[in-house]
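Written out below as structure tokens is the structure these notes cover.
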Amino acid sequence: MQILTGKEVAEKVYESLQSDCNVFVEKYGFPPTLAVILVGSDPASQSYVQGKKQACLSLGFGHRDYHLPSDTSQEALLELIHTLNEDSSVHGILVQMPLPAHLDADLVIQTIRVEKDVDGFHPQNVGNLLIGKPGFVSCTPLGVLQILDYYSISCSSKHVVILGRSNIVGKPMASLLMQKGRDATVTICHSKTEKLQQITKQADILIAAIGRPLYVTEAMVKEGCVVIDVGINRIEDASRKRGYRLVGDVDFEHVAPHCKAITPVPGGVGVMTIAMLMKNTMQAALQLAQKETQ
Ligand code: GUN
1 MQILTGKEVA EKVYESLQSD CNVFVEKYGF PPTLAVILVG SDPASQSYVQ GKKQACLSLG
61 FGHRDYHLPS DTSQEALLEL IHTLNEDSSV HGILVQMPLP AHLDADLVIQ TIRVEKDVDG
121 FHPQNVGNLL IGKPGFVSCT PLGVLQILDY YSISCSSKHV VILGRSNIVG KPMASLLMQK
181 GRDATVTICH SKTEKLQQIT KQADILIAAI GRPLYVTEAM VKEGCVVIDV GINRIEDASR
241 KRGYRLVGDV DFEHVAPHCK AITPVPGGVG VMTIAMLMKN TMQAALQLAQ KETQ
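Residue 1 is where the sequence shown starts when you use this note's numbering, and the numbers rise one by one after that.
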């Protein structure tokens, strides 16, 4: 059984980004820059936003931090996005989700300029992905592909079963894997799927992205399958100083012995998401800078 270490893959991505960033700064005289907007103070969101800032700082990317109060109005948030859309020193814009309930997340996402939508959430980017055209793609599914590629795990003609149909992970993951060139046969399962275990047992590659701690048990996997665990769940743990520990959607301890390969949590897919965000930001900066100098 092989452990698919996201950390190792992310390090390679960062190495390559570091050199791309140096070349970019040399050429244009300013760094690729990411603006991150956080509304409210959800602890998990705060920690994700902090991780994105750290990644920017360590690579030498520019970073703009906008921490807005939870009662921020829709108008004020859209106004900030419009300002960042027009700011040529900002190349990527990310609004941390979920937003407080009074804000219209769809409208917020649609307001971000498509060329700066490094999250790949804008309907135009989502549509381009579906029809196999260039555009920004959601970072977590990109991270999963990067792991599969790094460990030379081919999806071609394999049955990939995805647990979860979210716009951020399940749907873009399925779109990527079914593209010509990837050539997977994809099944998406969700909360209303019947005979779930019968389906997951057919998976050559099982991707769990449902946000339910330790949901995937050994009874749900085929002997020798590859398991990719996208879940990052906090569960109470009094023995830890911070009072919780992170577990995936997969019961790693009992599932791993039956797998050909599996990602751990933490240290698996989670660390890839930010690495791919930095990659998307690099790409946005290159495209926008080239456009400006034309
Ligand atoms: N919340 C959870 N994951 C994500 C992500 O990838 N991007 C944003 N903007 N918010 C998130």
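Ideal placement from N, C-alpha and C gives every residue a C-beta, glycine not left out.
Beta-bridge pairing of Glu-236 - partner residues as DSSP gives them: Tyr-244
Given the structure, does Met-97 come close to the ligand GUN, in the sense that its CB is under 7 Å from one of the ligand's heavy atoms? yes
Shorter than 8 Å from the beta carbon of Glu-79 to some beta carbon of chain B? As a matter of chain content, chain B is missing from the structure shown, which is built from one protein chain.
Can you tell me whether Cys-139 sits near the ligand GUN, meaning its C-beta is under 7 Å from at least one heavy atom of the ligand? yes
Using alpha carbons as the reference points, say which of Val-36, Lys-53, Leu-145, Glu-253 lies closest to Gly-269. The identity of residue 269 in the sequence shown is Val, whereas the question assumes Gly. Of Val-36, Lys-53, Leu-145, Glu-253, the residue nearest in Cα terms is Leu-145.
Ala-208 and Gly-224 - do their beta-carbons sit closer together than 8 Å? No, they are not a contact pair.
Closer than 7 Å by C-beta to Leu-99: which residues in its own chain qualify, once you throw out the five before and the five after it? Chain order, please. Excluding its 5 nearest sequence neighbours in each direction, Leu-99 has C-beta neighbours in its own chain below 7 Å: Val-39, Ala-105, Val-108, listed in chain order.
Whole-angstrom distance between Thr-200 and Glu-194, CA atom to CA atom: Approximately 11 Å, taken between the alpha carbons.
With a CB to CB cut of under 7 Å and the five nearest residues on each side skipped, what residues in its chain are close to Met-276? Cys-139, Leu-142, Gly-143, Gln-146
Below 8 Å, can you find three or more Cβ-Cβ pairs linking the segment 42-55 to the segment 18-28? no
Is there contact between the segment 149-160 and the segment 174-185, where contact requires at least three CB pairs shorter than 8 Å? yes
Three-way DSSP call (helix, strand, coil) for Gln-2 in this model: strand
Classify Met-272: buried if its beta carbon has 16 or more other beta carbons within 10 angstroms, exposed otherwise. Buried, by the Cβ-count rule.
For the ligand GUN, is there any heavy atom lying closer than 7 Å to the beta carbon of Ile-104? In the sequence as presented, Ile is not what sits at residue 104; that position holds Asp. Answer for Asp-104: no, Cβ out of range of the ligand GUN.
Please state whether the Cβ-Cβ distance between Val-137 and Ile-162 is less than 8 Å. no
On the premise that Leu-77 lies in contact with Leu-103, defined as a C-beta separation below 8 Å, what is that separation, rounded to the nearest angstrom? 6 Å
Contact check, Lys-52 vs Leu-34 under 8 Å by CB: the rounded distance? 7 Å
Any chance the CB of Thr-273 is under 7 Å from a heavy atom of the ligand GUN? Answer for Thr-273: yes, Cβ within range of the ligand GUN.
With respect to the alpha helix (DSSP H) encompassing Cys-155, which residues constitute its N-terminal and C-terminal limits? Where Cys-155 is concerned, there is no enclosing alpha helix (DSSP H), given that its DSSP letter is neither H nor E.
Report the rounded CA-to-CA distance for Val-221 versus Val-9, giving the unit in angstroms. 25 Å
With DSSP run on the structure shown, which of helix, strand or coil describes Thr-293? coil
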